[in-house]
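Okay, structure first, notes after.
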Amino acid sequence: MAKNEDQFKKVISHAKEYGYIFGSSEIYDGLSAVYDYAQNGVELKKNIREYWWRSMVYMHQNIVGIDAAILMHPTTWKASGHVDAFNDPLIDNKDSKKRYRADVLIEDYAEKLNIKAKKEIAKARKRFGDAFDEEQYVTTNPRVVKYLKEQKDVLERMARSLETENLADVKALIEELGIADPDTGSKNWTEVRQFNLMFGTKLGASAESATDLYLRPETAQGIFVNFLNVQKTGRMKIPFGIAQTGKAFRNEIVARQFIFRMREFEQMEMQFFVRPGEEMKWYEYWKETRLKWHLSLGLGEENYRFHDHEKLAHYANAATDIEFNFPFGFKELEGIHSRTDFDLKAHEEYSGKKLQFFDPEMNESYVPYVVETSIGLDRMFLAILSNSLQEETLEDGSTRTVLKLPNIVAPVKAAVLPLVKKDGLQEIAQDIIETLKWDHNVIYDEKDAVGRRYRRQDAAGTPFCITVDHQTKEDQTVTIRYRDTMKQERISISEISEKIKQSLSYKEWLA
Ligand code: ATP
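The structure is reproduced here in structure tokens:
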């Protein structure tokens, strides 16, 4: 693993210990690549969804939301191309019996070349100091030029072979590059085969009359088939968008990265319908807008990068990923695709119904083009969780584990703690909870010494601790402690709610 295998293991065990994520049906030894969100996880996930929804639907007068069903008419998936083309190229290692995605093996190889080039550049930057001209170095240093050229050649050849369904050449490429099983080092590979990722199911009681259905592999098609319903009933004018969040299902071949790649996961998608010919303008607009959304959460600009696709999906004329620096390296977090008029046209053809917009300014009807933004809610969850989990060394040399979640998405906003379990302090703390609970998700905690309770809340990601002590009885003040700085101040009980609210303003975060 590239960046920090240890850190990743910590994230996974922390997620369990602090009630964020459990393996599915654990008492039966779990189900591979399926996970349950626990008491804190469900709140974090809900808050991320809300943060996305507000930025898309409430911040854009021309975007509305829907919630389509997971089960759809089976012809949907014929029209969308998923029955014929929603495949991953897989390869097995004959010795380890492990299965891999052939394209991922090759991409990882190419990424190693990129890392080598980056290392050379970093070394040179150190050597030359202020006089360093990166652009010149990248185009002239023979080693860097060689690495980057090889990386490009490898990716281009793979893209060509996949596009032309030349799976024999994909295998040949793996062999020529000497790619080995990452777990065992064995190079004893099978042929490359295509594998359809959709989960099938049945509708109907008896085996004879049952209809074959699929669990949707993406939420987008629920938007496309409703395009005209929404346009007409909402009297929407081009350009406009339809947003949706919901579950999607993929029978992933390789699912070994916790909630990064699940078989059941949640997407947050927005399809933006535009005039034909204007799609590239909107593609650029959404690239920029979506990156800004990510940066608004403060996980660090250096942790994001765009990765333009070499191989375009059957429906796209431009595509990029926003990649995030996960503990196992930069990987796709969100996809932005210019999907042309492929989907609407296909649904027109298969359904026999017109899916067109009459543009009053142009005085003509057309099938709109579509720009899509599609982000995995679970991957966003992992990005936030892994980035927020930190081990800090304090001034006195001790360490603390702290989950520095952005306040706006933190599951619990404040913990209210009576200093001791007597003298009426518990009742005051309970009264404070009663007042705060109308506006915030808050909890009560009286177990253990207060220092330990602080550490527990730090690790759980709670931004504020409110401590009730004997002075509270005299002057109606409490101590508020801030998770990130560990600073404490004395404020009056009546100020608490406002104090918490200040750090949770969508306007401050999103604008
Ligand atoms: P990958 O290349 O990683 O398989 P993809 O390109 O197939 O992803 P899209 O079809 O573009 O993914 O889906 C949009 C988003 O949905 C992705 O950016 C990702 O965040 C999320 N996603 C896709 N597959 C999964 C999965 N199996 N588990 C969790 N999230 C997923």
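Letter by letter, the sequence shown follows residues 0 to 510 of numbering that gives the first Met the number 0.
Even glycine gets a Cβ: it sits at the ideal position worked out from N, Cα and C.
Owing to the predicted nature of the structure, the values given are computational and were not obtained by experimental measurement.
Proximity to residue i [Cα-Cα], best of the options
i, options, result
"ALA510", "TYR50, THR466, VAL467", "TYR50"
"VAL529", "GLU217, LEU402, GLU134, GLY177", "This structure cannot speak to residue 529, because the chain is shown only from 0 to 510."
"ARG260", "CYS464, ASP358, ARG378, ALA317", "ARG378"
"GLN135", "HIS72, ILE120, LYS115, PHE463", "ILE120"
"GLU16", "THR400, HIS346, GLN355", "THR400"
"PRO417", "ILE432, VAL370, VAL10, ASN3", "ILE432"
"VAL411", "ASN3, VAL41, SER295", "VAL41"
"SER502", "VAL408, GLN487, ASP107, LYS472", "VAL408"
"HIS336", "GLY328, HIS308, MET361, GLY351", "HIS308"
"GLY18", "LEU402, SER504, ASP483, GLU300", "LEU402"
"MET361", "SER95, PHE198, ILE490, LYS236", "LYS236"
"ARG274", "GLY334, ARG338, LEU294", "ARG338"
"VAL143", "ALA116, ARG156, LYS125, GLU162", "ALA116"
"GLU426", "THR471, ASP107, SER350, ILE173", "THR471"
"LYS286", "GLU263, GLU277, GLU265, ALA318", "ALA318"
"LEU311", "ASN92, THR163, GLU507", "THR163"
"ASP342", "GLU25, GLU333, LEU354, ILE499", "LEU354"
"GLU106", "LEU161, ASP66, THR232, LYS96", "LEU161"
"PHE271", "PHE264, TYR453, VAL369", "VAL369"
"HIS306", "ASP94, GLU333, THR218", "GLU333"
"VAL10", "LYS151, ARG215, ALA459", "ALA459"
"GLN38", "TRP52, ASP28, ILE20", "ILE20"
"PHE7", "GLU277, GLY276, GLN256, GLU265", "GLN256"
Sequence-distant residues of its chain with Cβ nearer than 7 Å to residue i (five each side left out)
i, result
"SER31", "ALA254"
"HIS13", "LEU388"
"GLN290", "Going by the sequence as given, residue 290 is Leu instead of Gln. Taken in chain order, the residues that qualify are TYR303, ILE321."
"LEU435", "ALA413, VAL441, ILE495, SER496"
Per-residue DSSP class, three states only, for residue i
i, result
"LYS145", "helix"
"HIS313", "coil"
"TYR213", "strand"
"TYR505", "helix"
"THR484", "coil"
"ALA247", "strand"
"ASN39", "helix"
"ASN165", "coil"
"ASP395", "coil"
"ALA254", "coil"
"SER491", "strand"
"ASP358", "strand"
"GLN470", "helix"
"LEU298", "coil"
"ARG260", "coil"
"HIS13", "helix"
"LEU402", "strand"
"ARG274", "coil"
Delimiting residues of the beta strand (DSSP E) encompassing residue i
i, result
"ALA414", "413–417"
"HIS336", "328–339"
"TYR27", "Note, TYR27: premise wrong, no beta strand (DSSP E); not H, not E."
"ILE442", "441–443"
"PHE463", "463–467"
"ASN86", "86–91"
"ILE374", "368–375"
"ILE20", "20–22"
"ARG304", "303–307"
Close Cβ partners of residue i (< 6 Å) along its chain, the five nearest in sequence each way excluded
i, result
"VAL191", "PRO88, ILE90, ALA101, LEU166, VAL169, LYS170"
"GLY80", "HIS313"
"LEU212", "LEU70, PRO73, THR200, LEU202"
"GLN487", "THR478, ARG480"
"ASP5", "none"
"GLY64", "VAL56, ALA242"
"ASN386", "LEU298"
"ILE258", "TYR34, ASP377, LEU381"
Terminal residues of the alpha helix (DSSP H) in which residue i lies
i, result
"SER364", "No alpha helix (DSSP H) contains SER364, which is instead part of the beta strand (DSSP E) from 363–365."
"ASN3", "From DSSP, ASN3 is part of no alpha helix (DSSP H); its letter is neither H nor E."
"ARG451", "449–459"
"MET55", "Careful: MET55 lies outside any alpha helix (DSSP H) and carries neither H nor E."
"ILE427", "424–435"
"GLU287", "278–295"
"GLN135", "133–139"
"VAL63", "No alpha helix (DSSP H) holds VAL63; the beta strand (DSSP E) holding it covers 62–64."
"ARG124", "101–127"
"LYS77", "74–78"
Contact set for residue i: own chain, Cβ-Cβ below 8 Å, skip 5 residues either direction
i, result
"ILE383", "LEU43, ILE47, LEU296, LEU298, LEU404, PRO405, VAL408"
"GLU497", "none"
"VAL449", "LEU416, LEU418, THR466"
"LYS2", "With a pLDDT of 48 at LYS2, under the threshold of 50, the modelled position of that residue is not reliable, and the figure given next carries that caveat. The answer, listed in chain order, is ASN324, PHE325, PRO326, PHE327, GLY328."
"THR183", "ASN92, ASP94, SER95, LYS97"
heavy atom of the ligand GTP below 7 Å from residue i C-beta
i, result
"MET55", "With respect to small molecules bound, the structure shown includes the ligand ATP and not the ligand GTP."
Quiz item: Which ranges does the alpha helix (DSSP H) cover as unbroken runs of at least 4 residues, wholly within the segment 172–234, from first to last along the chain?
Solution: 219–223, 226–232
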